[in-house]
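Reading through the structure tokens given below for one structure.
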Amino acid sequence: MKEPVGRKMDRIARMFWLELNGHLSHLDINRSFYPLLLIEAGNGITQQELANKLLCDKVQVVRIIDYLSSNGYVERVQSVTDKRKYKLTITNKARLALPDIKNAIGQTTSCAFDGLSTDSIEELYKTLSVIERNLETKEL
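Terminal number for the sequence shown in this note's numbering: 201, no gaps in between.
So this is what it looks like as structure tokens:
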């Protein structure tokens, strides 16, 4: 019997994160690399926008932001137009750590793709995108 595709993707993701965490063990950021990258790219992204991108609820994103904030990577800046909203910005500490994070992601990705041709990698991304679209549009 073949392993269910969701289980296989979950296991691969966990293995990827373990490898990535090994490269970044010198940082006090433990698994919140991707939210930090989204905050950097979002240039003032709100907590709700971050929750939408991460496919998680407000409580989960608050925990992530609290963690990143308490470790000095992110600041909440109150919106001038809506006092209920906070925009997220990265700190100087995050700016210094981001090159290491991006480099480690590149190294881990290269390790994961070792032995695969460029065409195989392109096909993998196309296939994963189709699966993602199928699940996004599927009514549960």
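Heads up, the beta-carbon is just placed ideally off N, CA and C, and yes, glycines get one too.
Collapsing the DSSP output to three states places Leu149 in a strand. Assignment of Thr169 by DSSP, reduced to helix, strand and coil, places it in the helix class. A distance of 8 Å or more separates the beta carbons of Asn153 and Ile90. Between Tyr134 and Ala155, the C-beta spacing is below 8 Å.
Within the region 172 to 200, the complete alpha helix (DSSP H) runs of at least 4 residues fall at 179 to 198.
Burial check for Pro96: the Cβ neighbour count within 10 Å reaches 16 or more, so the residue is buried. Minimum Cα-Cα distance from Leu99 among the listed residues Thr142, Trp78, Lys148, Gly83 corresponds to Lys148. DSSP, reduced to helix, strand and coil, places Val138 within a strand of the structure shown.
Contact between Asp161 and Leu111 fails: their C-beta atoms lie close to 22 Å from each other, not under 8 Å.
Counting every other CB atom within 10 Å of its CB across the protein chains shown gives Val66 a total below 16, marking it as exposed. Pairing Ile166 with Phe174 gives a Cβ-Cβ distance that is not under 8 Å. Taking C-alpha positions only, Leu116 is separated from Val122 by approximately 10 Å. Of all alpha-carbon atoms in Ala74, Ser140, Cys172, the one lying nearest the alpha-carbon of Gln109 is that of Ser140. Distance between Lys144 and Arg137, taken at the CA atoms: about 12 Å.
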